[in-house]
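Visitor: In the UniProt record's numbering, the protein residues as written are 1 to 92.
Note that beta-carbon positions come from the ideal geometry of N, C-alpha and C, so glycine has one too.
To start, I am sharing the structure in question, which I have written as structure tokens.
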């Protein structure tokens, strides 16, 4: 991790919470990986990439249309930011 940090700087990622209203109820959309794992859509940002533009790029890559038409994503709010201030492995 330290070598990667020295090469490209801080690794940043972004995830989106997708809310839809269906049958008068709010729903959070998740991506299903396999049969038992679910995650928010998103991923790693490119070096120097803005969080909003990066999230739009990642949503288009993951959920975009097959015909290449540009999707219009509305990004409303940043809910939180997290940092890991050292290179030690996380303890679970």
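Short of 8 angstroms in beta carbon distance, which residues of its chain neighbour residue 31, apart from the five on each side in sequence? Order them along the chain.
Guide: Hits under 8 angstroms: 38, 39, 40, 41, 62.
Visitor: Would you check if the distance between the CB atom of residue 18 and the CB atom of residue 29 is smaller than 7 angstroms?
Guide: Yes, these two residues count as a Cβ contact at 7 angstroms.
Visitor: Which of the three DSSP states, helix, strand or coil, is assigned to residue 17?
Guide: coil
Visitor: Per the DSSP calculation, residue 26 is bridged to which residue(s)?
Guide: Beta-bridge partners assigned by DSSP to residue 26: 21.
Visitor: Let me make sure I understand the geometry here. Which of 22, 47, 25 has the alpha-carbon closest to that of residue 13?
Guide: Comparing Cα positions, the closest option is 47.
Visitor: I believe residue 3 touches residue 11 by the beta-carbon criterion, under 8 angstroms. Please report the beta-carbon distance rounded to the nearest angstrom.
Guide: That belief does not hold up - the Cβ atoms of residue 3 and residue 11 are roughly 12 angstroms apart, past 8 angstroms.
Visitor: Would residue 59 pass as a contact of residue 82 if the rule is Cβ separation under 7 angstroms?
Guide: no
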